[in-house]
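When you read off a place in the sequence shown, starting at 1, and then add 52, the result is the number in my numbering. All C-beta atoms in this analysis are idealised placements derived from N, C-alpha and C, irrespective of residue type, glycine included. Nothing here was measured: the structure is a model prediction, and the numbers come from that model. A quick write-up on the structure given underneath.
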Amino acid sequence: MRIFLYTCCFWVASFGSLVGQIPDTTGQAKRQELYAEALELMGQYQYEEAQKLLSQCYIEKSKNIDFILKVAYCNAQMGRYPDAKLFYGEALKVDSLNTLAISALGAIYEQELNYRKSFSYYQRLIQMDTTNGYFFKRNGYLALRLGDPLVALGYFLRAYEISSNDVEAMLQITNIFLSVGQLEEAEKMANKVNFLDPNNIKNLHNRARLYQKQKEYEQVASSVNRAMQNGDTTNYYQMLLGVAYVELDSLDEAISTLTKIIERKKDNEYTHHYLAIAYRDRGEIEESIKHFQIAIEKGASPKMHAFHEDLARVYVERNQHRKALTHFAKAYEYKEEAKYLFQMARSADLYYKDKSIAMRHYKKYVASGDPKYRSYAQDRIKQLKEVLHFQKG
53 MRIFLYTCCF
63 WVASFGSLVG
73 QIPDTTGQAK
83 RQELYAEALE
93 LMGQYQYEEA
103 QKLLSQCYIE
113 KSKNIDFILK
123 VAYCNAQMGR
133 YPDAKLFYGE
143 ALKVDSLNTL
153 AISALGAIYE
163 QELNYRKSFS
173 YYQRLIQMDT
183 TNGYFFKRNG
193 YLALRLGDPL
203 VALGYFLRAY
213 EISSNDVEAM
223 LQITNIFLSV
233 GQLEEAEKMA
243 NKVNFLDPNN
253 IKNLHNRARL
263 YQKQKEYEQV
273 ASSVNRAMQN
283 GDTTNYYQML
293 LGVAYVELDS
303 LDEAISTLTK
313 IIERKKDNEY
323 THHYLAIAYR
333 DRGEIEESIK
343 HFQIAIEKGA
353 SPKMHAFHED
363 LARVYVERNQ
373 HRKALTHFAK
383 AYEYKEEAKY
393 LFQMARSADL
403 YYKDKSIAMR
413 HYKKYVASGD
423 PKYRSYAQDR
433 IKQLKEVLHF
443 QKG
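Have a look at this one:
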């Protein structure tokens, strides 16, 4: 009997050991089922429900990289960045070279405006793979956000070297070349994009900016109109279209384009400035003055001196020299250019009977050293001295 009991105990113990070695097929099947259901929910953007299922999988298999990454991704999509970062960090503990986790962390820190932290993750990506254009583009965008366009240019150029048909990289290269004044290089790249994708709105915008800088206003109008035909409604570029029409002396089109911007309540001081110029050139002086005044009232522009100068010239044409003098003086307050001193002198000369006022302005202009009207101003000072002499006599 004792031998029989020992034998039974041996088989029971052995069976228990064997059970521990048998694969947990039931649990594995259940996890696979939950995982598949979670993926389906993610495909439907049901991240909350998907995460609940994935969490069950993760609890049972906490080292499974797929479970960890999917939980992290769901958290990121729901805006739960602290939890997402935590799980992506767990993924890197399992696989320190996991590009999905590194890239995702870079993206999250970028969303949080922590650009330097984001940049450090994107730097790891290009250290891991120097043949991946996407990694170089991410570094390029971060360099732009960090205020270093030339470093960004280097990254985008590298992405372009890896793939000569990378339109995204080419658009950024064009944009940076435009920003730093390399117009010839910008034009070459914009033309390449135009060949690959002639209706690309971003490239049409870049070409409009390029032609604006080159003062090729017909090309500006053509580029913006093409962009609009493809669905673009960007107010800035419609503003460029209005300016182009002004420069092309297509005044009806200019007024129509700029007025529509105002009707959409997207106007700024520049809208009114160029609308004023269009009305002035069309001979509608009252409308011109109105919009020059609105441009000045909106203020806060580096071109305030030009707004006052243009309005002053309208008043000169109307022989309203006192008002002209006021606005030339305002133009000089915003930008101390000698030409404004001369125009102040001329306006004072034409308005005041007391020529000592004009004399002071002419002398101030001559003292500026500007050569353009120097001879005229010196001769006029001599004449005014004689006039003042006889007035005293």
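Excluding its 5 nearest sequence neighbours in each direction, I178 has C-beta neighbours in its own chain below 7 Å: F187, F188 and N191, listed in chain order. By the C-beta density criterion, K407 is buried, having at least 16 other C-beta atoms within 10 angstroms. Y167 and M291 have their C-alpha atoms some 32 Å from each other. Just so you know, the alpha carbons of K391 and I346 end up roughly 24 Å apart.
At a cut-off of 4 residues, the continuous stretches assigned as alpha helix (DSSP H) that sit fully inside the stretch 252-279 are 253-265. With fewer than 16 other Cβ atoms from the protein chains shown falling within 10 Å of its own Cβ, K145 counts as exposed. Boundaries of the alpha helix (DSSP H) around R365: M356 to E369. Here DSSP, grouped into helix, strand and coil, assigns V232 to coil. A direct Cα-to-Cα measurement between Q234 and H357 gives close to 28 Å.
Judged by DSSP in its simplified three-state form, Q98 adopts coil rather than helix or strand.
A direct Cα-Cα distance of roughly 29 Å separates A143 from F208. Here A136 is not near A153, since their CB atoms are 8 Å or more apart. Within the model, the alpha-carbon separation for C126 versus E85 is close to 18 Å. Around the Cβ of S170, a 10 Å sphere holds 16 or more other Cβ atoms; the residue is buried.
Comparing alpha carbon positions, the residue from Q80, G79 and E101 closest to E89 is E101. Shown here, E305 sits in a helix according to DSSP, grouped into three states.
Pairing V366 with N227, the inter-Cα distance amounts to about 37 Å.
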